[in-house]
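The opening position of the sequence shown corresponds to residue 70 in this note's numbering, with each subsequent residue numbered one higher. Heads up, the thing below is written out as C-alpha cells.
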Amino acid sequence: NLTSETMISELIGRNKFITRTLRIGGWVGSFVGLNLSLSCIPALLKYVPFGIGNIILEPLAYVATSTVALSASAGLSAAVISMAWLRFRPWLAVGLALASGAGFFGPFCYARWKRSPVVEEMDAGLRTMGTL
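Structure representation (C-alpha cells):
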C-alpha cells in the first residue's frame, strides 16, 4: 500500500545517509592514513638523549603530526567533494574549493604576512649570498 512518492522519498533518504556515511568514512580513513604515515616522526624523536625526546619532544611531535594530518585530511576531503559537486552544484563547489584552498594556503600566507624583522634580515642575507 505504499505510494510512489513515499517509496521515492525513502530511497532519497537512504541515499543521503549512504552518501554522508561514505564521506565521513573517507575523511576518517584519510586522517588515519596520514596520521599513520607521519607517526614515524614522534617515534624517531623519542630516541633523543637525556630524556628530552621521551618527555618533551615525542608528545609535541604527536600533537603536531596529528594537527597536520587533521588539517590535510579535511582540506583534501573538501577538495574532492568540491570536484564532485562541480557539475551539479557549481557555486557551492567553488565556495567549498575556496574554503579548502584557504585552509591549505592560509597559514602560509599568514606566516609570510606576519614575518618578524629578524627573519626578513636573515632572508636578505641569504639572498645576497645567492642561497635563497
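We put the beta carbon where it would ideally sit given N, CA and C, even for glycine.
{"Query": "Euclidean distance between Cα positions of I202 and F173", "Result": "Outside the displayed span of the chain (70 to 201) sits residue 202, for which this structure offers no information."}
{"Query": "For G175, the nearest candidate out of G144, N84, G98, N104 (CA to CA)", "Result": "G144"}
{"Query": "Residue span of the alpha helix (DSSP H) that contains G82, given as start and end", "Result": "73–107"}
{"Query": "Inter-stretch contact at 8 Å, needing at least 3 Cβ pairs: the segment 129–148 / the segment 84–97", "Result": "yes"}
{"Query": "Cα-Cα separation, P118 to S108", "Result": "19 Å"}
{"Query": "Distance CB(G122)-CB(Y116) smaller than 8 Å", "Result": "yes"}
{"Query": "Spatially closest choice to S135 from V101, L167, V187, A193, by CA coordinates", "Result": "V101"}
{"Query": "Start-to-end residues for the alpha helix (DSSP H) that takes in G164", "Result": "159–182"}
{"Query": "For R89, the nearest candidate out of V187, T197, I150 (CA to CA)", "Result": "I150"}
{"Query": "Straight-line Cα distance separating A133 from R92", "Result": "25 Å"}
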